[in-house]
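Student:
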Amino acid sequence: MSIVSEARPACGEGLAPKTVVFESDRPLLTDGGGRIAPLAIAYETYGALNAARTNAILLCHALTGDQYAAGVHPVTGKPGWWEAMVGPGKPFDTDRYFLICSNVVGGCMGTTGPSSINPATGKAYGLDFPVVTIRDMVRAQAMLIDHFGIETLFCVAGGSMGGMQVLQWAASYPERVFSAMPIATAAKHTAQNIAFHEVGRQAVMADPDWRSGRYQEQGVRPEKGLAVARMSAHITYLSEAALQRKFGRKLQDRSAPTFSFDADFQVENYLRYQGLAFVERFDANSYLFVTRACDYFDLAADYGGSLAMAFKDTKTRFCVVSFTSDWLYPTSDSRAIVHALNAGGASVSFVEIESDKGHDAFLLHEPMFIATTRGFLDSAAAARGLAPNGNSK
Amino acid sequence: MNFTPAREAPEQSAQPLDQPRLDLAVIADMVAPGARVLDVGCGDGALLQLLAQKKGVDGRGVELSQRGVNECVAKGLSVIQGDADTDLADYPDDGFDYVILSQTLQATRRPRAALANMLRIGRRAIVSFPNFGYWRVRAQLAFTGRMPVTGHLVYHWHDTPNIHLCTIRDFVELVDQLGARIERGVALDRSGAPIRFNAPWWVWNLFGEQAVFLLERGGGQR
């Protein structure tokens, strides 16, 4: 395979030892008319691919996630983002399945994005990076799956923006997706979703250190703006009930208000911490690009306005999951997906999990969610002829 | 949609598949092997599991209670949360060979529309329901002057989800009105076993505690 070279990342901070680089003879042509070459895709894998290559699962990460779904994250030192679900004996069982998770195009953990070097200028792309879509992210993932020599994925699963990628996979490559789990997600971004993202982007752009996106060359980082973006977004990931239970009106290390703009309240302190922790690991321009990709997502629009047409005659087995207290992508969004799948005659299960933890519930230890995922994957594995050890029967 | 005890507690225990509930066995007997089946109000999935095991059907379920849905999906069944009154309209014509409504018809807001939708979605429909013409029901109303409460109708009048109870005769009349054909009809006794003798409808209407009907879409329809 001359078009592909295993290499250290050509971009980012050299964090991702597992990277595939597609050279300029295999560019990624984007929906917006852009061309990305070379394209580096940083990924992690867990478990082993069986001889028949039938046990591969692609995990799609959310907005600010990355390829480190399990194990220890090399930057934060914390567990991977889906530690609750991925590992030996867990629903995404590394003793049974071969799990692949790659950083999305436009990201900042080793896959080519706005902080990568633009071969045309020798400098970071910044805002010259092509605006990418969810479909572009999926195209890049398909290139990686081709690189592994995998014809059909046993499952594609992910939550939030990852769930959008799952839906796009099922629509774009129905014959390559045996089963699909779109979780806590939507088939399109609503005005409210776009509005929250725009607040975040404007916060980044209002930071004087953003420098029209050229901050890298000037040796600064728009940390304040990105932290504010994260703070506002973080509120949307939690439920009112969860915030109230965790913080209420409790004061931070003091017994009375200070009549100042200090972080008197615990919730203020918490959000400030979330903002600071985020800028340590995320690139501001990447944040602009990935939020934009979500905003442009409207799967039905690509199929004459009919979501059912996106899944017409699909053979893929679906399990749609929502959470009761998720107001970012509420159950009604999942129901719209289920209706479309039903109208298309698809095999679909739909579970709404009772949880007061808001949108983030899909990342947390939710026993009913774990049982659902296990049941769905087990039955799909039986239909796929996968033995409990992951081999083909 | 667990509206009657028939689909509740007993099935939760030890070995539901070794000894399936008798009325479920009657329904399963009516389904051709390998068929595509939609079970509306599938509860905890006992019938779908039975159909998969005994008949190798390609089964899907719709269930109102989220707890039931979660149990089904955890068992590996394809089930979605939904309502027979509102969600059947979303299903395409002829998507299934059989549409089953077990012990749920009497709890729908519009039984006639539900039945019509079932016969649109599938060529055949299987419906089971408690018979309000059962002699014990009649006797309770006649002699105590109060709304009947029996083994299959356990609720009091003020808390019952069963808002559209009917007798076997009523049901047969509705089937006629819809232009559907009764392919098979079975009345079940108190234990849920089929009444094993041929008798005119009025006998079944008196001695059947429940009934199960296999309907076929009429030629005049669609």
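First to last, the protein sequences are chains F and S. With the working numbering applied, the first sequence covers 1052 to 1444. With the working numbering applied, the second sequence covers 176 to 397. Quick reminder that beta carbons are idealized off the backbone N, C-alpha and C, glycines included.
(1) Taking any Cβ of chain F, which residues in the region 345-373 of chain S have a Cβ under 9 Å from it, in chain order?
(2) Can you list, in chain order, the residues of the region 258-277 of chain S whose Cβ is nearer than 9 Å to any Cβ on chain F?
(3) Using CA coordinates, which residue listed in SER253/S, PRO336/S, ASN373/S and LEU353/S is at the minimum distance from GLN278/S?
(4) Between ASP1429/F and chain S, is there a C-beta pair that is closer than 7 Å?
(5) If we ignore side chains and look at the alpha-carbon of each, how far apart do GLU238/S and HIS1112/F end up?
(6) Report the rounded CA-to-CA distance for GLY1487/F versus PHE1149/F, giving the unit in angstroms.
(7) To the nearest angstrom, report how far apart LEU1379/F and HIS1410/F are at their CA atoms.
(8) Taking Cβ positions, are GLY218/S and GLY243/S nearer each other than 7 Å?
(9) Taking DSSP as the reference, what is the three-state secondary structure of GLY234/S?
(10) Who are the Cβ neighbours of ALA1088/F in its own chain at under 6 Å, not counting the five residues just before and after it?
(11) Pull up the DSSP beta-bridge partners for ASP1349/F, would you.
(12) Let me know if LYS1129/F comes out buried or exposed under the rule of 16 or more other beta-carbons within 10 Å of its beta-carbon.
(13) For PRO1418/F and GLU1134/F, I'd like the C-alpha separation in whole angstroms.
(14) Note down, in chain order, each residue of its chain lying with its Cβ closer than 7 Å to the Cβ of ASP1082/F, except the 5 sequence neighbours on either side.
(15) Do you know how far the Cα of MET1256/F is from the Cα of SER1263/F?
(16) So that I know if they touch, is there some Cβ in chain F lying closer than 7 Å to that of ILE338/S?
(17) Answer with buried or exposed for ASP1364/F, where buried requires no fewer than 16 other C-beta atoms within 10 angstroms of its C-beta.
(18) In chain S, which residues lie less than 7 Å from VAL1399/F when you measure between Cβ atoms?
(19) Along chain S, in chain order, which residues have C-beta atoms closer than 7 Å to that of MET1212/F?
(20) In the DSSP output, what is MET1232/F paired with across the bridge?
(21) Answer yes or no: does any C-beta atom of chain F fall closer than 7 Å to that of GLN396/S?
(22) Mind checking which residues open and close the alpha helix (DSSP H) that includes PRO391/S?
(23) Check for me: the beta strand (DSSP E) holding PRO305/S runs from which residue to which?
(24) With a threshold of 6 Å on Cβ separation, who are the neighbours of GLY393/S within its own chain once the five nearest residues in sequence on each side are excluded?
(25) On the three-state DSSP scale, how would you describe THR1070/F?
(26) Give the interface partners of GLU1405/F over in chain S, defined as CB-CB distance under 8 Å, in chain order.
(27) Within 7 Å (strictly less), CB to CB, does VAL248/S reach chain F?
(28) Counting contacts by CB-CB distance shorter than 7 Å, is PHE178/S in contact with chain F?
(29) Please list the segments of the beta strand (DSSP E) lying wholly inside the region 1257-1287 of chain F, counting only runs of 3 or more residues, in order along the chain.
(30) For ARG196/S and GLY367/S, I'd like the C-alpha separation in whole angstroms.
(31) Anything in the region 373-392 of chain S with a Cβ closer than 9 Å to a Cβ of chain F? List those residues in chain order, please.
(32) Classify ASP1313/F as helix, strand or coil using the three-state DSSP reduction.
(33) Could you have a look at ASN1169/F and say whether DSSP puts it in helix, strand or coil?
(34) Alpha carbon to alpha carbon, how far is PHE318/S from ALA291/S?
(35) Please classify SER1406/F: does DSSP put it in a helix, a strand, or coil?
(36) Is there at least one Cβ from chain F nearer than 7 Å to VAL302/S's Cβ?
Tutor: The answer reads as follows:
(1) none
(2) ASP262, ASP265, TYR266, PRO267 and GLY270
(3) PRO336/S
(4) yes
(5) 31 Å
(6) Since the first residue of chain F shown is 1052 and the last is 1444, residue 1487/F is not available in this structure.
(7) 6 Å
(8) yes
(9) strand
(10) SER1075 and PRO1078
(11) LYS1239/F
(12) exposed
(13) 14 Å
(14) THR1184, ARG1186 and ASP1187
(15) 7 Å
(16) no
(17) exposed
(18) SER253 and ILE255
(19) In chain order: nothing, as chain S lies at least about 24 Å away.
(20) ALA1208/F
(21) Because the pLDDT at GLN396/S is just 44, under 50, the model does not fix this residue reliably, and the value given afterwards should be weighed accordingly. Not one chain F Cβ lies under 7 Å of GLN396/S.
(22) It is worth fixing the name first, because residue 391/S is Glu in this sequence and not Pro. No alpha helix (DSSP H) contains GLU391/S, which is instead part of the beta strand (DSSP E) from 385-391.
(23) 297-305
(24) GLY354, ALA355 and ARG356
(25) strand
(26) GLN241
(27) yes
(28) Its pLDDT being 34, under 50, PHE178/S is placed unreliably by the model, and nothing is read from it.
(29) none
(30) 8 Å
(31) none
(32) coil
(33) strand
(34) 37 Å
(35) coil
(36) no
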